[in-house]
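Peer 1:
Protein chains: 2
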Amino acid sequence: MEKPIVVKFGGSSLANSEQFKKVKNIVEGDSRRRFVVPSAPGKSYPDDTKVTDLLYILEDLYKLEQDYSKVLENIKTVYNGIAEGIGLTIDLDPYFDEILKELGEGASKEFTASRGEYLNGILLSKYLDYEFIDPKEIIFFDTKGNFDAEMTYTIGAKRLDGVEKAVIPGFYGALPNGKVKTFSRGGSDLTGSIISRIVGASLYENWTDVSGFLIADPRIVHKPKGISKISYKELRELSYMGASILHDEAIFPVTSEGIPINIKNTNAPEDPGTLIVDEESLGEDSTWITGIAGRKNFTVIYIEKVKLNQDKGFHRKLMSILESYDIYLEHMPSSIDSISLIINDNVEEPMVKDIIQDIKIICKPDSIGYTKNISLITVVGHGMKNTSGTSATLFTGLAKADINVKLIIQGSSEVNIIVGIADDDYENAIRAVYETFMNGHKE
Amino acid sequence: MEKPIVVKFGGSSLANSEQFKKVKNIVEGDSRRRFVVPSAPGKSYPDDTKVTDLLYILEDLYKLEQDYSKVLENIKTVYNGIAEGIGLTIDLDPYFDEILKELGEGASKEFTASRGEYLNGILLSKYLDYEFIDPKEIIFFDTKGNFDAEMTYTIGAKRLDGVEKAVIPGFYGALPNGKVKTFSRGGSDLTGSIISRIVGASLYENWTDVSGFLIADPRIVHKPKGISKISYKELRELSYMGASILHDEAIFPVTSEGIPINIKNTNAPEDPGTLIVDEESLGEDSTWITGIAGRKNFTVIYIEKVKLNQDKGFHRKLMSILESYDIYLEHMPSSIDSISLIINDNVEEPMVKDIIQDIKIICKPDSIGYTKNISLITVVGHGMKNTSGTSATLFTGLAKADINVKLIIQGSSEVNIIVGIADDDYENAIRAVYETFMNGHKE
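From first to last, the protein sequence lines are chains A and B. Note that this note's numbering gives residue 375 to position 375 of the first sequence, counting from 1, and the numbers run on in steps of one. Note that this note's numbering gives residue 1251 to position 251 of the second sequence, counting from 1, and the numbers run on in steps of one.
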């Protein structure tokens, strides 16, 4: 039997009956699409409230012993509307009664939230005539609430043995005590990836409402080109910085197996979308740069100490101080007598001052200070690895746009260069980088 | 009374009587040159052995009870030759008898070595008719053998109070027990700097056999231009990498006082040489780049670990491992899932493998490897701070020369950019960087 394709549909792809019809067409368009992972219904219109959010409100009202009937009605309306629109005769009341019963017995917020996917899975399985499998039988978490890969890939995998076609709701699984545990927001992407690994999929199709990733943020760059192919590694470098179409952990289950992920558009299924593959599969057609991403609001702590690298405990002491404040170190460019600690935007100014005080006492720097409002921009592309002209093109572009470059870091990952600039230059810099590479030519 | 100028003369400036005559002319050319720090006589001809080296051999032979008369004769010949050439009537035998007496009483290697400067100081003081002051009365070390700034700048300073003109030999001082302690090789530069600070000099002239620093290594670049002005900070960034005309700690005593150092050529005293000043004194005429230096044979340990910066103990553990191996960390470029440790050329390959083994056990990376034979090149210049075009020019130059850039680090010191390349590309890269900046123009 041919290897299956796992298809995951996002909330907007399942927001209403019209979307359900598109989904059915897609699934039936390829007989290999045998495992389907649905999200909860998303918004049909921008002003809609998502079902998952309604479920959270329902749980709040219920526990506060407030009137929840209106909210429950809204949720029912969404599902009944879908059922009616796709011509499905199903009485959903027993399902809702069950939810209320569980709530009465003290069900968790995570249980309530997971019902969005659960009910959508029920509808979709009947509509497609696929077996319904509750992910509680497949996806497991340990007592600490961390994903339990070992149990999932043994016990969960056994459950899918011999299953021909199934709908498996996304977003959640089971704790050792059988209770529902959810992934973080967007976690249905992870479910699809885990299922892909379990069934040894040839491809994991992730259906959304966009035709894949764009080279740059469309809110900054006017109509940026799309990314047709990207490696797992490149995607990691990009996802880190910018808003993400795909949950940033979704690639991990499939990376080691080399299962490609195809980001597709439910509303434009003929678009090729973005294919996420391993490095080897990028082939010769890998473009010069793959994408540009960035983030504002970093803080840089700047330390001067003569011959700091000859004080062999210096770096360890610095790192211990950051650890004691529970701080993520993002980057650490250094020179002979100075070092910069780039920390992220979650660190408030008073804490920065406390950290500096500790560094003064413990590391005895000659001078120390900090700068706020630094943006980091990362330019990503396997194509730059063997092209000495990449940096030249990048910095020529930035120079022409009169952007003052404050930091440059390259050399750890071979697929990207990171530059630091003032927050005020951020949008101009992103545009300048995009322009320079789109107009440039790879040597 | 006008602030004095401290003048230090290197070994080649005092190698023979002809050089002594030039030194006298220089000292007498400006009445402010009131404090003179001599090195031991250097080589008159390339095949000569330096007096300091002869003194080391003398000490070896003496302690091994071997015949040392020939070596002693050679040393005497140097000094008597100088005395004779400059028309000085002096019987040096009592001085040599004293050295042999001290050796008989178990004098240290450092004592013996210091006699080169001592005897030169005796000759020069008589020749100039300046007071001779033994640096044992001025420059102090603590029991651990570290320079004792506090004692030097109080007790040593008192000794020079009211002294009008003096010759003070370089290179050594006294331990708390009164025994001689020397600085590391080239330490007379440090003596001159310390004396400059003590007497509140307006200028510290460091007389050598070259007319200052060159922008790039003349063994690589054909006739590079000279550096007319450089800041302390820029010099630090350059001295680190390349061979040095000035002891790399010599700037520290004068930096805080803002005393400029002028590197001058005894054989071409009219040449302006290189002036080392504080940043503020660089003025508007600071050129785009000041210098280029580099070093080969770095090792890069490359570590991949997904979301390493969210493992808050990761960096501290890495640093602790390096510390346990007594390793200097030079630089640490990082990306989202990877980090590179750049360590210097003193680390042998078996130790690199041991370090990697420890990192595997303690930090549990997804993958780890290392690359040898990486060169670092630093391009230094205050002028680049506010010039976004510097990087563009640099990388355009490297691209044209087809140099593959493996690492870039900028952002800690604002006065330099560091690039990493393969050792095989080193000379070509230095030439390419020199050419591109000499032919370019500052925007």
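For each residue, glycine too, the CB sits at the ideal point set by N, CA and C.
Let me see if you follow: with CB-CB separation under 8 Å, is B/Phe1009 close to chain A or not?
Peer 2: Translated into positions along the second sequence, residue 1009 of chain B becomes position 9. Not an interface residue.
Peer 1: Which full runs of the beta strand (DSSP E) of 3+ residues lie inside the segment 404-442 of chain A, going along the chain?
Peer 2: 407-410 and 416-422
Peer 1: B/His1331 by DSSP, collapsed to three states: which one?
Peer 2: Residue numbering aside, residue 1331 of chain B sits at position 331 when the second sequence is read from its first letter. Three-state result, B/His1331: strand.
Peer 1: Taking only three categories from DSSP, how would you classify B/Asn1297?
Peer 2: Counting from one through the second sequence, the residue named residue 1297 of chain B turns up at place 297. Reduced to three states, the DSSP call for B/Asn1297 is strand.
Peer 1: Go ahead and label A/Glu443 buried or exposed: buried means 16 or more other beta carbons lie within 10 angstroms of its beta carbon, across all protein chains shown.
Peer 2: Counting from 1 along the first sequence, the entry for residue 443 of chain A is found at position 443. The predicted position of A/Glu443 is uncertain, since its pLDDT is 45 and thus under 50; a value taken from the coordinates is nonetheless stated next. Looking at its Cβ environment, which holds fewer than 16 other Cβ atoms inside 10 Å, A/Glu443 is exposed.
Peer 1: So which residues of chain A does B/Arg1316 contact, with C-beta pairs closer than 7 Å?
Peer 2: Taking the second sequence and counting its residues from 1, the one referred to as residue 1316 of chain B is at position 316. The contacting residues are Arg316, Met319, Ser320 and Glu323.
Peer 1: In this structure, how does DSSP classify B/Ile1168 when only helix, strand and coil are distinguished?
Peer 2: Walking along the second sequence from the start, residue 1168 of chain B turns up at place 168. In this structure, B/Ile1168 counts as coil in the three-state DSSP scheme.
Peer 1: Using a Cβ-Cβ cut-off of 8 Å, state whether A/Pro365 counts as contacting chain B.
Peer 2: Residue 365 of chain A sits at position 365 when you count from the first residue of the first sequence. Answer no: the Cβ-Cβ gap between A/Pro365 and chain B never drops below 8 Å.
Peer 1: Suppose you measure from the CA of B/Arg1431 to the CA of B/Asn1344; what does that come to, to the nearest Å?
Peer 2: Numbered from 1 along the second sequence, position 431 holds the residue referred to as residue 1431 of chain B. Numbered from 1 along the second sequence, position 344 holds the residue referred to as residue 1344 of chain B. Whole-angstrom Cα-Cα distance: 23 Å.
Peer 1: Taking CB distances under 8 Å as the criterion, tell me whether A/Met332 reaches chain B.
Peer 2: Position 332 of the first sequence holds residue 332 of chain A. A/Met332 counts as touching chain B.
Peer 1: Within its chain, find whatever has a CB closer than 7 Å to the CB of A/Lys165; leave out the 5 residues flanking it on each side and keep chain order.
Peer 2: Taking the first residue of the first sequence as 1, we reach residue 165 of chain A at position 165. Cβ within range, chain order: Arg34, Tyr130 and Glu131.
Peer 1: Out of A/Gly212, A/Pro224, A/Ile377 and A/Gly87, which has the shortest C-alpha to C-alpha gap to A/Ser244?
Peer 2: Against the first sequence, residue 244 of chain A aligns to sequence position 244. If we check each option's Cα against that of A/Ser244, A/Gly212 comes out closest.
Peer 1: Just to make sure I have the definition right: I need the residues of chain A whose C-beta is within less than 8 Å of the C-beta of B/Val1306. Which are they?
Peer 2: Here residue 1306 of chain B refers to the residue found at position 306 of the second sequence. Chain A residues near B/Val1306: Arg236 and Phe252.
Peer 1: Can you confirm whether A/Gly85, when its beta carbon is compared against all beta carbons of chain B, has any partner nearer than 8 Å?
Peer 2: Walking along the first sequence from the start, residue 85 of chain A turns up at place 85. Output row for A/Gly85: interface = no.
Peer 1: Indicate whether at least one CB of chain B lies closer than 8 Å to the CB of A/Ser391.
Peer 2: If you number the first sequence from 1, residue 391 of chain A lands on position 391. Chain B contact via Cβ: present.
Peer 1: Which of helix, strand or coil does DSSP assign to B/Phe1395?
Peer 2: By 1-based counting over the second sequence, the position of residue 1395 of chain B is 395. In this structure, B/Phe1395 counts as helix in the three-state DSSP scheme.
Peer 1: Mind checking the segment 1406-1419 of chain B against chain A and listing, in chain order, the residues whose C-beta falls within less than 9 Å of any C-beta there?
Peer 2: Here the close residues are Lys1406, Leu1407, Ile1408, Ile1409, Gln1410, Gly1411, Ser1412, Ser1413, Glu1414, Val1415, Asn1416, Ile1417, Ile1418 and Val1419.
Peer 1: So that I know if they touch, is there some Cβ in chain A lying closer than 8 Å to that of B/Asp1337?
Peer 2: Taking the second sequence and counting its residues from 1, the one referred to as residue 1337 of chain B is at position 337. For B/Asp1337, the answer is yes, since a Cβ of chain A falls inside 8 Å of its Cβ.
Peer 1: Please tell me whether A/Leu246 has its Cβ less than 8 Å away from any Cβ of chain B.
Peer 2: As a position in the first sequence, residue 246 of chain A is number 246, starting the count at 1. Cβ-Cβ to chain B under 8 Å: no for A/Leu246.
Peer 1: Return the Cβ separation of A/Val199 and A/Val6 in integer angstroms, given the expectation that the two are a contact with Cβ distance under 8 Å.
Peer 2: For the purposes of this step, residue 199 of chain A is taken as residue 199 along the first sequence, with counting starting at 1. For the purposes of this step, residue 6 of chain A is taken as residue 6 along the first sequence, with counting starting at 1. That pair is a contact at about 7 Å.
Peer 1: What three-state label does DSSP hand A/Leu341 in the structure shown?
Peer 2: Counting from 1 along the first sequence, the entry for residue 341 of chain A is found at position 341. DSSP places A/Leu341 in strand when its eight states are reduced to three.
Peer 1: What would DSSP say about A/Phe132, mapped onto helix, strand or coil?
Peer 2: Numbered from 1 along the first sequence, position 132 holds the residue referred to as residue 132 of chain A. Note: A/Phe132 maps to strand in three-state DSSP.
Peer 1: Answer yes or no: does any C-beta atom of chain A fall closer than 8 Å to that of B/Gly1313?
Peer 2: Numbered from its first residue, the second sequence carries residue 1313 of chain B at position 313. By this cut-off, B/Gly1313 is an interface position.
Peer 1: Buried or exposed: A/Glu330, going by 16 or more other Cβ atoms within 10 Å of its Cβ?
Peer 2: Reading the first sequence from its first residue, position 330 is the one you call residue 330 of chain A. Its Cβ being crowded by 16 or more others within 10 Å, A/Glu330 is buried.
Peer 1: Between which two residues does the alpha helix (DSSP H) carrying B/Lys1038 extend?
Peer 2: Taking the first residue of the second sequence as position 1, residue 1038 of chain B is located at position 38. At residue 1038 of chain B the sequence reads Pro, which differs from the Lys that was named. No alpha helix (DSSP H) holds B/Pro1038; the beta strand (DSSP E) holding it covers Arg1033 to Pro1038.
Peer 1: From A/Lys24 to A/Tyr127, what distance separates their C-alpha atoms?
Peer 2: As a position in the first sequence, residue 24 of chain A is number 24, starting the count at 1. As a position in the first sequence, residue 127 of chain A is number 127, starting the count at 1. Taking the straight line from one Cα to the other gives about 8 Å.
Peer 1: With distances taken between CB atoms, is the gap from A/Val380 to A/Val433 smaller than 8 Å?
Peer 2: Within the first sequence, numbered from 1, the residue matching residue 380 of chain A stands at position 380. Within the first sequence, numbered from 1, the residue matching residue 433 of chain A stands at position 433. Not in contact: A/Val380 and A/Val433 (Cβ atoms no closer than 8 Å).
Peer 1: Do the segment 268-278 of chain A and the segment 348-356 of chain A make contact, defined as three or more Cβ pairs closer than 8 Å?
Peer 2: no
Peer 1: Quick one: which chain A residues come within Cβ less than 8 Å of B/Asp1424?
Peer 2: For the purposes of this step, residue 1424 of chain B is taken as residue 424 along the second sequence, with counting starting at 1. Within 8 Å Cβ-Cβ: nothing; B/Asp1424 doesn't reach chain A, min ~14 Å.
Peer 1: Who are the Cβ neighbours of A/Ile227 in its own chain at under 8 Å, not counting the five residues just before and after it?
Peer 2: Locating residue 227 of chain A in the first sequence gives position 227, counting from the first residue. The residues are Gly212, Phe213, Leu214, Ile215, Thr274, Thr290 and Gly291.
Peer 1: Do we get a CB-CB distance below 8 Å when we pair B/Leu1282 with the residues of chain A?
Peer 2: Counted from its first residue, the second sequence places residue 1282 of chain B at position 282. B/Leu1282 does not count as touching chain A.
Peer 1: Provide the residue(s) that pair with A/Glu205 in DSSP beta bridges, ordered along the chain.
Peer 2: Translated into the one-based positions of the first sequence, residue 205 of chain A becomes position 205. Answer is A/Val7 and A/Asn262.
Peer 1: If you measure from the beta carbon of B/Gln1310 to each beta carbon in chain A, is any gap under 8 Å?
Peer 2: Here the question's residue 1310 of chain B lines up with position 310 in the second sequence. So, interface residue.
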